[in-house]
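There are 2 protein chains.
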Amino acid sequence: MKEVTYGLDIGGTNSVIGIVDRKGHILAEDTVSTRKFPVVEDFVEACFSIMQKLEKSLNNNVKIVGIGIGAPDGNYYNGTIEYAPNLLWEGIIPITNLFKRYFDVPVVLTNDANAAAMGEMIFGGARGMKHFIEYTLGTGLGSGIVINGEILYGHTGFAGEIGHIIMKPGGRDCGCGRQGCLENYGSATGLVRTMHELLGKRREKSKLRKIPCEELDSKKIFDAAKEGDKIALEAFDETAKILALSMANAVAFSSPEAIFVFGGLANAGDLLLKPTRKYLEETLQIIFKGTVKLLASEIPESKGAVMGASALVWNEILNK
Amino acid sequence: MKEVTYGLDIGGTNSVIGIVDRKGHILAEDTVSTRKFPVVEDFVEACFSIMQKLEKSLNNNVKIVGIGIGAPDGNYYNGTIEYAPNLLWEGIIPITNLFKRYFDVPVVLTNDANAAAMGEMIFGGARGMKHFIEYTLGTGLGSGIVINGEILYGHTGFAGEIGHIIMKPGGRDCGCGRQGCLENYGSATGLVRTMHELLGKRREKSKLRKIPCEELDSKKIFDAAKEGDKIALEAFDETAKILALSMANAVAFSSPEAIFVFGGLANAGDLLLKPTRKYLEETLQIIFKGTVKLLASEIPESKGAVMGASALVWNEILNK
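Chains as they are written, first to last, in the numbering used here: chain A, 1 to 320; chain B, 1001 to 1320.
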């Protein structure tokens, strides 16, 4: 029987469960609505019945050796989801213990951005690296910081919040209640906000001026930039500049071998990575110049969450 | 025979050598001129003869179990001092190997700020802490970051350069060739530069207006602030604000249990610590509020360098 793990990615709307082998291949996968279960115990039970179906679909020819869970506000130390504003479950949810009622295997939890970093380390471009950082550029900006081959959790379990480093005091309002945090500039949403500002600031023509404010998204800005739209190109350039500054500062802090970029906005590829790389190299302190690679994640975006969650527990099993 | 270590603090002008016991007591100490030895081998030989004298002064009743060295631009991984602009020795200096010619014990090197953090962990207020950061506020601003009970060195050995995190792009010129790094605002020199700016900006009277520009130092600003000088008080407040912002950002990164403040400017005590603590707590992201203590170092400033250097090697010996 093949040893496999479960990777469970808990999202605000849907959650995805996959059976993942040691090489990161997803052998079977299904989705469960998170919103449908206001009581977390019911959600876990629903997951369990889906898991049984998934195992059956593989002729029960697998041995589950662990469960990895990526969830917003997941605390690695306690195995709890704590006050997650995007989930219906209020307060502190002992999610790993709930799964242990059904399975006698290690169950490991962390947040989505740390899971992405772990996926990179176990299955992706960071294999063999001891020091790297992974930026997840989606609606928000998450980060996972790896030090000496381990995810950095810090004293509280919540370390690695690069998206909430204040880049511009008094700047753009942030969902965290403060102002000027990186995620309001460097994420997909940040790009859109930058585009709005530039549409006000510049006089050049732009296709995007015809699009209602609320419908402007990073994909439309990407397409316009590809067609040479000057303001869209400037929006990418501004985004690259602030991402590069935050990366140069992160290098001064932890001196990683590489910084990986993952998630929706990372799909812009060279349009974002090329200028970011240029600004990063320009901005780095002399002692760090040439010491850090800026790389696109080697994990496919659609599989990253489940692979990352699975990698979490593979990492624990392999390090035993 | 009592087991002891050497702590050697290499400075640009003078170096200090001390014999330090397991509790951090300096049993004997002497100074050697660094400037007098343009050839590093001669410096090491001079250190060796001083060391013999120090042992003699203790009736040779000690057993040397290791040598810890704190030096500018010291690389822990390689045991080398690399291109230190403040030392006469050019290029890459294999300082630990040079000492190993004389001693058959572990020799450990790092930079001064990391040594200060190690001193705090082994002998000071950070005993028992797994995650903390130490700011050394002197002419410059150094930092040592402890993660899981270990100094963070990163991929290159040069991690922990919080003083060179860019807080104000395009801001004050920095010795590193860039602009706006924290050390130009948060160090003793930064305080003086802030005072200069405020003397230009404000119209209030101040004793310090009578002092020639070049003679203004942090001690004079401290004394004026103590006497209620409004502009001097504002300079401390500005310094506290930017230190607090950098600390809040560092907490988002590594979530330490405490941040310690050491060095000349830290002697300002509550005048600096009180407002910094207030701004830090205001600035922290909600999930980190109440999780991090801001503390004065428990290591006396005059002994910190030698104790820190010694702590480096005690740490290696104890963790064997």
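C-beta atoms are modelled at their ideal positions from N, C-alpha and C, and glycine is treated no differently. Source: prediction; values computed, not measured.
Does DSSP classify residue i as helix, strand or coil?
{"i": "B:N1086", "result": "coil"}
{"i": "B:N1014", "result": "strand"}
{"i": "B:L1294", "result": "strand"}
{"i": "A:K63", "result": "strand"}
{"i": "A:S218", "result": "helix"}
{"i": "B:E1150", "result": "strand"}
{"i": "B:C1181", "result": "strand"}
{"i": "B:A1028", "result": "strand"}
{"i": "B:F1262", "result": "strand"}
{"i": "B:T1194", "result": "helix"}
{"i": "B:Y1077", "result": "coil"}
{"i": "A:S246", "result": "helix"}
{"i": "A:I166", "result": "strand"}
{"i": "A:D21", "result": "strand"}
{"i": "B:I1093", "result": "strand"}
{"i": "B:S1254", "result": "helix"}
{"i": "B:D1173", "result": "strand"}
Can you tell me the Cα-Cα spacing of residue i and residue j, whole angstroms?
{"i": "A:I67", "j": "A:L109", "result": "9 Å"}
{"i": "A:V16", "j": "A:G157", "result": "24 Å"}
{"i": "B:E1301", "j": "B:F1262", "result": "7 Å"}
{"i": "A:F43", "j": "A:E90", "result": "14 Å"}
{"i": "A:R202", "j": "A:T283", "result": "26 Å"}
{"i": "B:W1314", "j": "A:P94", "result": "40 Å"}
{"i": "A:G124", "j": "A:T96", "result": "26 Å"}
{"i": "B:G1011", "j": "B:L1087", "result": "8 Å"}
{"i": "B:R1193", "j": "B:Y1185", "result": "7 Å"}
{"i": "B:F1281", "j": "B:T1291", "result": "A quick correction: the sequence has Glu, not Phe, at residue 1281 of chain B. Between B:E1281 and B:T1291, the C-alpha separation is close to 9 Å."}
{"i": "A:F236", "j": "A:A225", "result": "8 Å"}
{"i": "B:F1048", "j": "B:K1100", "result": "11 Å"}
{"i": "A:K53", "j": "A:A28", "result": "10 Å"}
{"i": "B:K1241", "j": "B:E1041", "result": "45 Å"}
{"i": "B:E1120", "j": "B:K1023", "result": "12 Å"}
{"i": "B:I1064", "j": "A:A115", "result": "46 Å"}
{"i": "A:N341", "j": "B:L1098", "result": "Past the boundaries of the shown model lies residue 341 of chain A; chain A is included only from 1 to 320, so the question cannot be answered."}
{"i": "A:M129", "j": "B:K1320", "result": "25 Å"}
{"i": "B:K1056", "j": "B:D1021", "result": "16 Å"}
{"i": "B:S1246", "j": "A:K205", "result": "40 Å"}
Since residue i meets chain A, which of its residues come closer than 8 Å, beta carbon to beta carbon?
{"i": "B:C1176", "result": "Q285, I286"}
{"i": "B:F1260", "result": "Ordered by position in chain A, no residue passes the 8 Å Cβ test against B:F1260, which lies about 14 Å from the chain."}
{"i": "B:P1169", "result": "L245"}
Mind checking whether residue i and residue j have CB atoms under 8 Å apart?
{"i": "A:I221", "j": "A:L191", "result": "yes"}
{"i": "B:L1137", "j": "B:A1071", "result": "no"}
{"i": "A:N249", "j": "B:I1145", "result": "no"}
{"i": "A:I147", "j": "B:L1008", "result": "no"}
{"i": "B:G1177", "j": "A:I286", "result": "yes"}
{"i": "A:S255", "j": "A:H155", "result": "no"}
{"i": "A:V4", "j": "A:V62", "result": "yes"}
{"i": "A:M51", "j": "A:A311", "result": "no"}
{"i": "A:A252", "j": "B:E1161", "result": "yes"}
Please indicate yes or no: does the CB of residue i lie closer than 7 Å to some heavy atom of the ligand NAP?
{"i": "A:P275", "result": "The ligand NAP is not part of the structure shown, which contains no ligands of any sort."}
Looking at the unbroken alpha helix (DSSP H) that takes in residue i, where does it start and where does it end?
{"i": "B:S1310", "result": "1301-1318"}
{"i": "B:V1105", "result": "Here B:V1105 belongs to no alpha helix (DSSP H), and DSSP marks it neither H nor E."}
{"i": "A:D9", "result": "Taken as a continuous stretch (DSSP letters only), A:D9 belongs to no alpha helix (DSSP H), being part of the beta strand (DSSP E) at 2-10."}
{"i": "A:A46", "result": "40-57"}
{"i": "B:I1122", "result": "1112-1123"}
Would you mind reading off the limits of the beta strand (DSSP E) that contains residue i?
{"i": "B:D1073", "result": "B:D1073 -> no beta strand (DSSP E), and no H or E assigned at all."}
{"i": "A:L143", "result": "The question names Leu, but residue 143 of chain A in the sequence shown is Ser. Residues 141-147."}
{"i": "B:I1287", "result": "Premise fails: B:I1287 is in no beta strand (DSSP E) and is neither H nor E."}
{"i": "B:T1136", "result": "1132-1137"}
What does residue i touch in chain A if you count any residue whose Cβ is under 7 Å from its own?
{"i": "B:A1084", "result": "Going along chain A, no residue has its Cβ under 7 Å from B:A1084, so there is no contact; the nearest lies around 11 Å."}
{"i": "B:A1159", "result": "F253, S254, S255"}
Give me the chain B residues within the contact set of residue i, using Cβ-Cβ distance strictly less than 8 Å, ordered along the chain.
{"i": "A:A248", "result": "I1166"}
{"i": "A:I162", "result": "A1252, F1253"}
Can you name the residues of chain B whose CB is closer than 7 Å to the CB of residue i?
{"i": "A:T291", "result": "H1155, T1156"}
{"i": "A:I147", "result": "I1147, L1152"}
{"i": "A:E257", "result": "H1155"}
{"i": "A:H131", "result": "G1154, H1155"}
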